[in-house]
Amino acid sequence: MYEKILVAADGSEHSKRAVQEAVKMAKTNPEAKVTLLYVVDYGKARNEILHTQSPDELHLERRKHLQPLEDIFHSTGVQFETKTLHGTPGPTIVKHANETGYDVVFIGSRGLNALQEMVLGSVSHKVAKRVEAPVIIVK
Amino acid sequence: MTPIYGFSKKCYCLQMLNEFYKGSGILKTMSYKEQWFGNIRADILSGIVVALALIPEAIAFSIIAGVDPMVGLYASFSIAVIIAFVGGRPAMISAATGAMALAMVTLVRDHGLDYLLAATILTGVLQVIFGFLKIARFMKFIPRAVMIGFVNSLAILIFMAQVPFIFGINMTTYIFVGVTLAIVYILPRFFTAIPAPLIAILVLSGIVMYTGIDMQNVGSLGTITQSLPTFFIPNVPFNLETLQIIFPTALALSIIGLLESLLTASILDDATETDSDKNQEARGQGIANFITGFFGGMAGCAMIGQSGINVQSGGRGRLSTFTAGVVLIFLIIVLGNWVVQIPMPVLAGIMVMVCIGTFDWGSFKYMVTAPKSDAIVMLLTVVVVVYTHDLSKGVLAGVLLSAILFAAKISKVEVRNKGLNADASNVYTVHGQLFFASSQDFVSAFDAIEPAERIIIDFSDAAIWDDSGVGAIDRVMGRLQSKAESIEITGLNPSSEKLVKTLATYTNSEENASQH
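Heads up: the sequence lines are chains A and B, in that order.
Quick note on my numbering: the first sequence kicks off at 1 and runs consecutively.
Quick note on my numbering: the second sequence kicks off at 1001 and runs consecutively.
Following this line, the structure appears as structure tokens:
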């Protein structure tokens, strides 16, 4: 049974569906615990700080991204914790997943737009390739 | 998730404490020694990466400022090394920057390099003073609309400075710029160990040298001296006239430098989940510029882009900044003969990348979603900077306009009539801030009200700030005496109530005391 479940999310629609699928799986095992991972990269941190007047507003803006995802957990009663890490999304998710050791990893198929994907490469692809645990890409 | 700094097992408690602090949103702080030697291997590697990425920028910014490439290269070496010791934000990269270069163009053109060096020294003095005056706390008064305008206009100005090197020369130039952009944007997808701009420089310089294409290069705009900078006192007369020439530039430089440095420090705080001392950083910037001026370098500040490269390459400590400076000057001394061969279209292409990275692309959405006043402040900042070519003037204009708009916004006071109650009392509710700027509107709002037996003025949604506000209430009470049998004031918050009680002279003040 899958017990330690990781779901990497960026607040996009795809990541919301990834959370929903993670919850579905977690519900099959009462022992299951889901970690909701949110990664902020340098460019994103720069833009967020530029657009917020204070650290408190920054905190609120980030909460707004995570709140709808956390609500999915709250409504189903699945155990979960939220984690925010800083770094380039792909490598940061891979490092965290491999160091902590999860039974399964969920990730949305696409958060970036087409241009960003061309330049940066797909995060979900990197995660699927390098995470040691089984990875489910949700579209 | 903590072991960026490799705590030993003994420090397990400390680690837990760190986790706790992080969880609660309090940033951890490190000892000075830890800031230097807590991350040696990664700091040295990232410092080397930054040095490689710094060279083209330092040269390009020198060209923007209108000085020899060495002025920017010496500045980048000197500032990085000094700030590594005296800065307040470990792992932040400070060097010659575009924002500062743009502010010195006029001084260099009209008076030459020595006046620029004198202005750099004065910039240092001003920044140290600002640091001791704890300037960092004033940062929060600079609206984000102004900061967004700042980075956008910076990107626009750097781009405008590249135009002469890109457009209207020949087809080969366009091809070189295009290939440079293709390399810097596509290559990092497959290979990130060496900064892509450096690869673009190596490959394209090689092609130019091999084929002998006639193309403007760094050497045609200046010289590279393969030696360490030396101490000398700028050759300017020490009199009031000199001060009058350099002071406006130095003041602009010190403001721009601190703005960009403190913004960068905030971003690094967030990206590395560590805290920093902003006032120490301000003083450190001052010390670095002060010394740099005596070693033939131009004033500089922190760089958002380079600091990002450093952090993304694993740099976390002061050693990374120090390494960047030392490796940079080492490379120049060793490879100076090759550096002059860098073709200008390649450098311009790299600068276009810097512009694209600097510009806040979220601004277009911001123009639509942000309050109109914020959007106008952002636009004004950009327009003033692009028009005057001076970032500090744009910031000043933006701050002034937003202050005026803010005052206008909060000085709107509204009085609404809730109509007659069952007990024949007529209720008015007051909404907003009552102070000197809004008191007259408040009084005139009561000019045309209907007489009633009882009038209740409800202040639940209002606050009284000063004597003008209290005076206004007093005047309204006086005028209403003729229109109502009794007048009541309700819903004052305790501090407003205290103000009204001490200062107001209207007759039935005893009623408001019992109403609360």
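The C-beta atom is built at its ideal place from N, Cα and C for all residues, glycine as well.
Exposure label - residue i; buried when at least 16 CB within 10 Å
i: Q67 of chain A; result: exposed
i: M1 of chain A; result: exposed
i: V1368 of chain B; result: exposed
i: G101 of chain A; result: exposed
i: N1310 of chain B; result: buried
i: E1281 of chain B; result: buried
i: A1448 of chain B; result: exposed
i: A1080 of chain B; result: buried
i: R1144 of chain B; result: buried
i: G1398 of chain B; result: buried
i: I1055 of chain B; result: buried
i: R1316 of chain B; result: buried
i: T1381 of chain B; result: buried
i: T1180 of chain B; result: buried
i: E1057 of chain B; result: buried
i: S1244 of chain B; result: It should be noted that the sequence gives Gln, not Ser, for residue 1244 of chain B. Q1244 of chain B should be labelled exposed.
i: N1039 of chain B; result: buried
i: P1195 of chain B; result: buried
i: H96 of chain A; result: buried
i: D56 of chain A; result: exposed
i: E1485 of chain B; result: exposed
i: D1110 of chain B; result: exposed
i: L1228 of chain B; result: exposed
i: V1334 of chain B; result: exposed
Integer Cβ distance of residue i from residue j, believed to fall under 8 angstroms
i: L1187 of chain B; j: I1199 of chain B; result: 6 angstroms
i: V23 of chain A; j: I72 of chain A; result: 6 angstroms
i: F1435 of chain B; j: D1466 of chain B; result: 5 angstroms
i: T1093 of chain B; j: Q1306 of chain B; result: In the sequence as presented, Thr is not what sits at residue 1093 of chain B; that position holds Ile. That belief holds up - the Cβ atoms of I1093 of chain B and Q1306 of chain B are roughly 4 angstroms apart, short of 8 angstroms.
i: L1391 of chain B; j: L1102 of chain B; result: 7 angstroms
i: L1045 of chain B; j: G1314 of chain B; result: 7 angstroms
i: I1304 of chain B; j: R62 of chain A; result: Contact flag wrong, Cβ pair sits at about 20 angstroms.
i: I1456 of chain B; j: V1413 of chain B; result: Not confirmed; about 17 angstroms, so no contact.
i: H1431 of chain B; j: A1462 of chain B; result: 6 angstroms
i: L1158 of chain B; j: L1347 of chain B; result: The sequence shown places Ile at residue 1158 of chain B, not Leu. That belief does not hold up - the Cβ atoms of I1158 of chain B and L1347 of chain B are roughly 12 angstroms apart, past 8 angstroms.
i: I1213 of chain B; j: T1173 of chain B; result: Actually they are not in contact, since the Cβ atoms of I1213 of chain B and T1173 of chain B sit about 10 angstroms apart, beyond 8 angstroms.
Residues of its chain near residue i, where Cβ-Cβ distance is below 6 angstroms and the 5 sequence neighbours each way are ignored
i: A1299 of chain B; result: M1100, T1120, T1123, L1253 and N1289
i: K139 of chain A; result: S109
i: S1411 of chain B; result: A1437 and S1438
i: T84 of chain A; result: Y38
i: A8 of chain A; result: L37, I93 and I107
i: K33 of chain A; result: Q79
Close Cβ partners of residue i (< 8 angstroms) along its chain, the five nearest in sequence each way excluded
i: L1027 of chain B; result: Its pLDDT being 47, under 50, L1027 of chain B is placed unreliably by the model, and the measurement read from it follows with that caveat. Result list for L1027 of chain B: Y1021, D1269, E1273, T1274 and D1275, in chain order.
i: N1235 of chain B; result: D1114
i: G1286 of chain B; result: T1123, G1124, V1125, L1126, Q1127, V1128, I1129, F1130, G1131 and S1254
i: S1460 of chain B; result: T1429, T1490 and G1491
i: C1011 of chain B; result: Confidence at C1011 of chain B is low in this model, with a pLDDT of 40, below 50, so its placement is unreliable and no value can be given for it.
i: S1363 of chain B; result: I1148, N1152 and M1378
Cut-off 7 angstroms between Cβ atoms - residues of its own chain near residue i, not counting five sequence neighbours on either side
i: D1360 of chain B; result: I1148, V1151 and N1152
i: G90 of chain A; result: V123, K126 and V127
i: D103 of chain A; result: Y2, E3, K4, I5 and A133
i: A1407 of chain B; result: A1437
i: N1217 of chain B; result: V1340, Q1341, I1342, P1343 and M1344
i: A1445 of chain B; result: V1415
i: L58 of chain A; result: E48, I49 and T52
i: L1117 of chain B; result: P1234, G1293 and G1296
i: T1249 of chain B; result: A1103, M1104, L1107 and A1119
i: V1326 of chain B; result: V1081
i: I1224 of chain B; result: P1069, M1070, I1332, G1336, V1339 and V1340
i: L1154 of chain B; result: G1098, A1099, T1358 and L1391
i: N98 of chain A; result: V131 and E132
Inter-stretch contact at 8 angstroms, needing at least 3 Cβ pairs: the region 1126-1146 of chain B / the region 1096-1104 of chain B: no
Interfacial residues, the region 1233-1257 of chain B to chain A, with Cβ spacing under 9 angstroms: none
Sufficient close CB pairs (3 or more, under 8 angstroms) joining the region 1346-1353 of chain B to the region 1157-1168 of chain B: yes
Members of the region 1256-1289 of chain B that neighbour chain A once the beta carbon cut-off is set at 8 angstroms: L1263, S1266, I1267, D1270, A1271, T1272 and E1273
Contact list for the region 1286-1317 of chain B against chain A, Cβ threshold 8 angstroms: I1304, G1308, V1311 and Q1312
At least 3 beta-carbon pairs within less than 8 angstroms: the region 1317-1329 of chain B vs the region 1072-1088 of chain B: yes
Sufficient close CB pairs (3 or more, under 8 angstroms) joining the region 1371-1387 of chain B to the region 1398-1408 of chain B: yes
Interfacial residues, the region 1148-1173 of chain B to chain A, with Cβ spacing under 8 angstroms: I1148 and V1151
Selection of the region 1134-1146 of chain B by Cβ proximity to chain A, strictly under 8 angstroms: K1140, P1143 and R1144
Three or more C-beta pairs below 8 angstroms linking the region 1028-1043 of chain B and the region 1064-1079 of chain B: no
Near-chain A residues of the region 1345-1364 of chain B (beta-carbon distance less than 7 angstroms), N- to C-terminal order: D1360 and G1362
Chain B contacts from the region 39-56 of chain A (Cβ-Cβ distance under 9 angstroms): V40, D41, Y42, G43, A45, R46, N47, E48, I49, L50, H51, T52, Q53, S54 and P55
Chain B contacts from the region 85-97 of chain A (Cβ-Cβ distance under 8 angstroms): L85, H86, G87, T88 and H96
Residues of the region 1406-1429 of chain B with Cβ closer than 7 angstroms to any Cβ of chain A, in chain order: none
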